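To start, the structure itself, in structure tokens.
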Amino acid sequence: MNKSRYAVLGDPVDHSLSPQIHQDFARQANLALVYEKIHCTAVAFDRTLRRFFLEGGSGVNITVPHKSRAANWVDKVTGTAKLAGAVNTIVKHEDFFEGYNTDGIGIKR
Numbered sequence: 007m008n009k010s011r012y013a014v015l016g017d018p019v020d021h022s023l024s025p026q027i028h029q030d031f032a033r034q035a036n037l038a039l040v041y042e043k044i045h046c047t048a049v050a051f052d053r054t055l056r057r058f059f060l061e062g063g064s065g066v067n068i069t070v071p072h073k074s075r076a077a078n079w080v081d082k083v084t085g086t087a088k089l090a091g092a093v094n095t096i097v098k099h100e101d102f103f104e105g106y107n108t109d110g111i112g113i114k115r
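The sequence shown maps to residues 7 to 115 in the numbering used here.
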């Protein structure tokens with residue numbers, strides 16, 4: 007079974023609990039996925055994202071300090087991301103990358 011590949015990308019990123027949270031959810035939902043941490047400096051941002059998706063990545067969460075840079079990297083930005091001027095989630099579609107900002111949703115809940 008092929009596992010979908012996801013990651014959290016940031017600088018710093020070592021403290022992130024996202025891999026554990028997503029792996030636990032995937033196990034409970036019987037989903038096959040890999041979720042990893044990727045440390046990425048501002049200088050390496052474009053190169054790191056390109057490589058991640060070329061190597062089969064399906065989606066990535068973006069942390070500080072890259073959220074505004076991510077908004078410029080994607081092909082399409084959703085309404086909340088456009089309003090915030092920041093993207094914290096990038097999803098790879100067949101022929102484009104879409105950026106979302108879920109920070110407000112998380113705070114509201």
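Beta carbons: idealized from backbone N, C-alpha and C, even for Gly. Remember, predicted model here, so these are calculated numbers, not experimental data.
Query                                                                                 : Result
Supposed close pair Val97, Val83 - CB separation, criterion 8 Å                       : No, Val97 and Val83 are not in contact; Cβ-Cβ is about 12 Å, not under 8 Å.
The beta strand (DSSP E) enclosing Phe103, as first and last residue numbers          : Phe103 to Tyr106
Minimum length 4: unbroken alpha helix (DSSP H) runs contained in the segment 46-78   : 51-60
As assigned by DSSP and simplified to three states, the class of Ser10                : strand
Boundaries of the alpha helix (DSSP H) in which Thr86 is found, first to last residue : Gly85 to Ala90
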